[in-house]
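Q: Quick one: structure below, then a few questions.
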Amino acid sequence: MQANPTASRAGFDVTVAGRRAECDGGGPIAGTRFATREEFAGTLTGEYVDHGDPPWRWYLMVNLVRRPDGYPSDAVWCESGNLFFLEE
Amino acid sequence: MPKNPLHTKLCDMLGIEFPIIAFTHCKDVVAAVVNAGGFAVLGEAMHTPDDIAADIKWIRGRVGSKPFGIDLVLPASAPPADTLEKLLAGIPEAHRQFARSIKERYQIPDPKGAQALHQWGGLNQEIARKQLEVILEERVPVFTSGLGNPAFILEAAHARGIKVFGLIGKTRQAKREIDAGVDAIIAQGYDAAGHTGPIGTFCIVPEVVAIAGDTPVIAAGGVTTGRHLAAALCLGAAGVWTGTVWLATRESDSDMIIKEKLVAAASDDTVYSRSVSGFPMRVLRCPWTEEWEKPEAPRVLPSPYQMLLSSDYIQGANDHRRADLMFEAAGQGVAFVDAMKPARQVVFDMVEEALATFEGLTGEVSDAG
Numbered sequence: 017m018q019a020n021p022t023a024s025r026a027g028f029d030v031t032v033a034g035r036r037a038e039c040d041g042g043g044p045i046a047g048t049r050f051a052t053r054e055e056f057a058g059t060l061t062g063e064y065v066d067h068g069d070p071p072w073r074w075y076l077m078v079n080l081v082r083r084p085d086g087y088p089s090d091a092v093w094c095e096s097g098n099l100f101f102l103e104e
Numbered sequence: 047m048p049k050n051p052l053h054t055k056l057c058d059m060l061g062i063e064f065p066i067i068a069f070t071h072c073k074d075v076v077a078a079v080v081n082a083g084g085f086a087v088l089g090e091a092m093h094t095p096d097d098i099a100a101d102i103k104w105i106r107g108r109v110g111s112k113p114f115g116i117d118l119v120l121p122a123s124a125p126p127a128d129t130l131e132k133l134l135a136g137i138p139e140a141h142r143q144f145a146r147s148i149k150e151r152y153q154i155p156d157p158k159g160a161q162a163l164h165q166w167g168g169l170n171q172e173i174a175r176k177q178l179e180v181i182l183e184e185r186v187p188v189f190t191s192g193l194g195n196p197a198f199i200l201e202a203a204h205a206r207g208i209k210v211f212g213l214i215g216k217t218r219q220a221k222r223e224i225d226a227g228v229d230a231i232i233a234q235g236y237d238a239a240g241h242t243g244p245i246g247t248f249c250i251v252p253e254v255v256a257i258a259g260d261t262p263v264i265a266a267g268g269v270t271t272g273r274h275l276a277a278a279l280c281l282g283a284a285g286v287w288t289g290t291v292w293l294a295t296r297e298s299d300s301d302m303i304i305k306e307k308l309v310a311a312a313s314d315d316t317v318y319s320r321s322v323s324g325f326p327m328r329v330l331r332c333p334w335t336e337e338w339e340k341p342e343a344p345r346v347l348p349s350p351y352q353m354l355l356s357s358d359y360i361q362g363a364n365d366h367r368r369a370d371l372m373f374e375a376a377g378q379g380v381a382f383v384d385a386m387k388p389a390r391q392v393v394f395d396m397v398e399e400a401l402a403t404f405e406g407l408t409g410e411v412s413d414a415g
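First to last, the protein sequences are chains H and V. The C-terminal position of the first sequence is numbered 104 in our numbering, with every residue numbered one higher than the one before it. The C-terminal position of the second sequence is numbered 415 in our numbering, with every residue numbered one higher than the one before it.
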């Protein structure tokens with residue numbers, strides 16, 4: 017483990033840029049001890065952020081063609097382990 | 047002599063007597079279940095790293111060298127950082143008015159203090175990493191990820207002797223995590239409390255078993271009785287993940303009003319609703335969920351707007367212990383929660399009923415006793 021195990025680093029991954037994908041997402045619900053599942057589909061920009069070490073990689077997805085009812089943005093950060101490429 | 051049908055590969059992996067996992071937010075339940083021969087996982091998603099470390103120490107002081115687990119809700123998606131600020135700019139007046147009308151109609155008292163809206167909402171990966179650091183430093187026997195894929199932490203965890211379980215709601219998630227090397231996969235069906243997958247327990251479990259190979263599969267969602275345990279093993283599971291049943295145990299720190307509601311509830315007294323937080327989750331029905339289902343109700347707002355609306359109801363109800371208003375997350379298995387028993391009795395009752403079920407099917411008495 018590195019000295020600062022929670023530091024984050026941004027980058028660009030050309031191998032995923034422009035690829036369409038689905039994200040089985042979700043997270044804890046603020047104000048509660050519960051969580052929720054959320055599904056997204058869209059296009060990856062290639063931008064990523066690695067949180068900590070070992071790196072916990074998150075990709076930016078835009079042009080969402082599927083998102084939860086009421087989701088307030090046209091973009092979402094997706095954890096790499098929960099991304100499924102549509103071309104596979 | 048017939049084999050003990052309750053002795054599974056999960057028992058061998060964890061060194062436990064019964065393949066029953068209790069998921070709970072109460073340390074006392076963890077200690078009771080572990081000491082009764084089962085396995086228990088403490089939900090710590092909302093806790094600070096210091097609190098998690100203290101809880102681990104507390105549990106170790108009561109279970110000795112017996113294994114237990116800690117659960118964190120690793121986020122799997124997050125909106126861009128500026129979205130929350132935009133959201134918090136205002137709640138539509140029509141929605142405020144609807145919430146006020148519910149408050150007036152049900153005479154909901156004001157909260158006694160500031161609303162306990164925790165800021166940790168999974169939007170900050172740094173907090174999750176700090177929580178994980180405690181898991182690694184403390185070498186907790188088992189880490190379970192209650193939502194996101196724990197693949198990124200597997201190597202570090204295994205290097206410290208920590209087993210990692212992943213909880214999934216879809217088969218493709220299970221395959222991804224099994225391929226990454228998780229030690230067990232928890233297949234959670236739609237019957238479950240809180241956040242659930244879209245597939246029923248009776249289908250998701252054998253689907254995941256079919257692709258799991260040697261990785262133990264743990265059945266979750268509606269599992270409450272020994273018959274559920276026996277059925278889960280028949281589906282190919284190596285154990286069960288249970289939640290709602292522990293809320294009503296004597297050790298549980300749930301309010302007595304909630305315990306009484308759980309004991310009285312039937313399966314259809316739960317509802318899969320977005321009205322509490324803006325996110326879908328299964329909870330006990332209450333006036334708040336009922337009102338937001340009515341045709342005249344405005345469209346439920348996204349998070350965190352809806353949570354800001356509902357928090358006044360929730361805290362007012364809890365602070366003043368209004369039995370007609372209070373609710374809790376609960377799975378459909380709540381129908382089988384019919385008494386406030388000691389946690390160890392729940393374990394033993396499940397075991398006894400499961401064995402009786404197998405003996406009824408086979409006509410043979412197992413060597414479990």
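Glycine is no exception: its CB is placed at the ideal position from the N, C-alpha and C atoms.
Any idea what DSSP makes of ALA86 (chain V), helix, strand or coil?
A: ALA86 (chain V) falls in the strand class under three-state DSSP.
Q: How many whole angstroms separate the CB atoms of ARG328 (chain V) and TYR318 (chain V), which I take to be in contact at a CB cut-off of 8 Å?
A: That belief holds up - the Cβ atoms of ARG328 (chain V) and TYR318 (chain V) are roughly 5 Å apart, short of 8 Å.
Q: Sorted by chain position, which residues of the same chain lie with C-beta nearer than 6 Å to GLY115 (chain V)'s C-beta, five sequence neighbours on each side aside?
A: Closer than 6 Å at the Cβ level, and outside the excluded window around GLY115 (chain V), lie VAL87, VAL188 and THR190.
Q: Whole angstroms are fine: how far does the CA of GLY272 (chain V) sit from the CA of GLU398 (chain V)?
A: One C-alpha to the other measures close to 7 Å.
Q: Taking only the alpha-carbon atoms, compute the straight-line gap between GLU297 (chain V) and PRO126 (chain V) and give it to the nearest angstrom.
A: Between GLU297 (chain V) and PRO126 (chain V), the C-alpha separation is close to 41 Å.
Q: Give a yes or no on whether the minimum CB-CB distance between ALA124 (chain V) and chain H is below 8 Å.
A: So, interface residue.
Q: Suppose contacts are defined by Cβ-Cβ distances below 8 Å. Is PHE198 (chain V) in contact with PRO70 (chain H) by that definition?
A: It is a contact, given that the beta carbons lie within the stated cut-off.
Q: Should the segment 272–292 of chain V be regarded as contacting the segment 376–396 of chain V, the criterion being three or more beta carbon pairs within less than 8 Å?
A: Short answer: they touch.
Q: At a CB-CB cut-off below 7 Å, which residues of chain V make contact with ASP40 (chain H)?
A: The contacting residues are ALA122, LYS216 and GLN219.
Q: Run through chain H and tell me which residues come within less than 7 Å of GLY89 (chain V), C-beta to C-beta.
A: Within 7 Å Cβ-Cβ: ARG49.
Q: Can you tell me whether DSSP reads CYS280 (chain V) as helix, strand or coil?
A: Of the three classes helix, strand and coil, the one that applies to CYS280 (chain V) here is helix, per DSSP.
Q: Report the neighbours of ILE105 (chain V) on chain H: residues whose CB is nearer than 9 Å to its CB, in chain order.
A: Within 9 Å Cβ-Cβ: nothing; ILE105 (chain V) doesn't reach chain H, min ~18 Å.
Q: For GLY168 (chain V), decide whether its Cβ has a neighbour in chain H, counting only Cβ atoms nearer than 8 Å.
A: Because GLY168 (chain V) carries a pLDDT of 43, less than 50, the predicted location of this residue cannot be relied on, and no value is offered for it.
Q: Would the beta-carbon of PRO344 (chain V) be found less than 7 Å away from any heavy atom of the ligand FAD?
A: In terms of ligand content, the structure shown is empty, and the ligand FAD therefore cannot be addressed.
Q: Would you identify the three-state DSSP class for GLU172 (chain V), choosing helix, strand or coil?
A: DSSP places GLU172 (chain V) in helix when its eight states are reduced to three.
Q: Taking 6 Å as the limit between beta carbons, can you name the residues of its chain near GLN378 (chain V), skipping five residues before and five after?
A: Only ASP237, GLY268, SER313 and THR316 meet the Cβ criterion.
Q: Please list the residues of the segment 23–35 of chain H that have a C-beta atom closer than 9 Å to any C-beta atom in chain A, keeping them in chain order.
A: Absent from the structure is chain A; the protein chains it does hold are H and V.
Q: Answer with yes or no whether the minimum CB distance from GLU103 (chain H) to chain V is below 8 Å.
A: No, because no Cβ of chain V sits closer than 8 Å to the Cβ of GLU103 (chain H).
Q: Using 8 Å as the threshold, is the C-beta distance between LEU275 (chain V) and GLY192 (chain V) below it?
A: In this structure, GLY192 (chain V) does not lie closer than 8 Å to LEU275 (chain V) by Cβ.
Q: Please classify ILE45 (chain H): does DSSP put it in a helix, a strand, or coil?
A: Correct three-state label for ILE45 (chain H): coil.
Q: Near PRO262 (chain V), what residues of its chain come up, given a Cβ to Cβ distance below 6 Å and the 5 sequence neighbours on each side ignored?
A: If we look at PRO262 (chain V) and ignore the five residues flanking it on each side, its Cβ neighbours are LYS55, LEU56, ALA230 and ALA284.
Q: Is the beta carbon of GLY43 (chain H) sitting closer than 8 Å to the one on ALA37 (chain H)?
A: No.
Q: Output needed for ASP29 (chain H): all residues of its chain with C-beta closer than 6 Å, excluding positions within five of it in sequence on either side, in chain order.
A: These residues qualify, in order along the chain: GLY62 and TYR64.
Q: Among the residues of its own chain, which have a CB less than 7 Å from the CB of ALA362 (chain V), if the five just before and after it don't count?
A: According to the sequence displayed, residue 362 (chain V) carries Gly and not Ala. Taken in chain order, the residues that qualify are ILE154, PRO155, ASP156 and PRO157.
Q: Distance cutoff 8 Å, beta carbons only. Does VAL71 (chain V) sit that close to anything in chain H?
A: Going by the sequence as given, residue 71 (chain V) is His instead of Val. Answer yes: the Cβ-Cβ gap between HIS71 (chain V) and chain H drops below 8 Å somewhere.
Q: Please classify GLN165 (chain V): does DSSP put it in a helix, a strand, or coil?
A: For GLN165 (chain V), the predicted model reports a pLDDT of 43, less than 50, meaning its position is unreliable; a value from the coordinates is still stated below. DSSP places GLN165 (chain V) in coil when its eight states are reduced to three.
Q: To the nearest angstrom, how far is it from the Cα of ASP101 (chain V) to the Cα of ALA82 (chain V)?
A: The alpha-carbon atoms of ASP101 (chain V) and ALA82 (chain V) are separated by roughly 19 Å.
Q: Going by the beta-carbon positions, is the gap between LEU60 (chain V) and PRO121 (chain V) smaller than 8 Å?
A: No; because the gap between Cβ atoms is not below 8 Å, this pair is not in contact.
Q: Could you name the residues that DSSP lists as bridge partners for ASP365 (chain V)?
A: Paired residue(s): none; ASP365 (chain V) is not in a bridge.
Q: Is ASN79 (chain H) buried or exposed, if buried means 16 or more other CB atoms sit within 10 Å of its CB?
A: The residue in question, ASN79 (chain H), is exposed, as its Cβ has fewer than 16 Cβ neighbours within 10 Å.
Q: Over what stretch of residues does the beta strand (DSSP E) that includes ALA57 (chain H) continue unbroken?
A: Its beta strand (DSSP E) spans residues 51–67.
Q: Please confirm whether ARG222 (chain V) has its beta-carbon closer than 8 Å to some beta-carbon of chain H.
A: Chain H contact via Cβ: present.
Q: Which residue from H:TYR75, H:GLY86 and H:PHE100 puts its Cα closest to that of TRP93 (chain H)?
A: Of H:TYR75, H:GLY86 and H:PHE100, the residue nearest in Cα terms is H:TYR75.
Q: Answer with buried or exposed for ALA77 (chain V), where buried requires no fewer than 16 other C-beta atoms within 10 angstroms of its C-beta.
A: Flag for ALA77 (chain V) reads buried.
Q: Would you report the Cα separation of PRO51 (chain V) and SER356 (chain V), rounded to the nearest angstrom?
A: When rounded, the distance between both Cα atoms is 46 Å.
Q: Name the one or two DSSP bridge partners that LEU7 (chain H) has.
A: Outside the displayed range of chain H (17 to 104) lies residue 7 (chain H), so it cannot be described from this structure.
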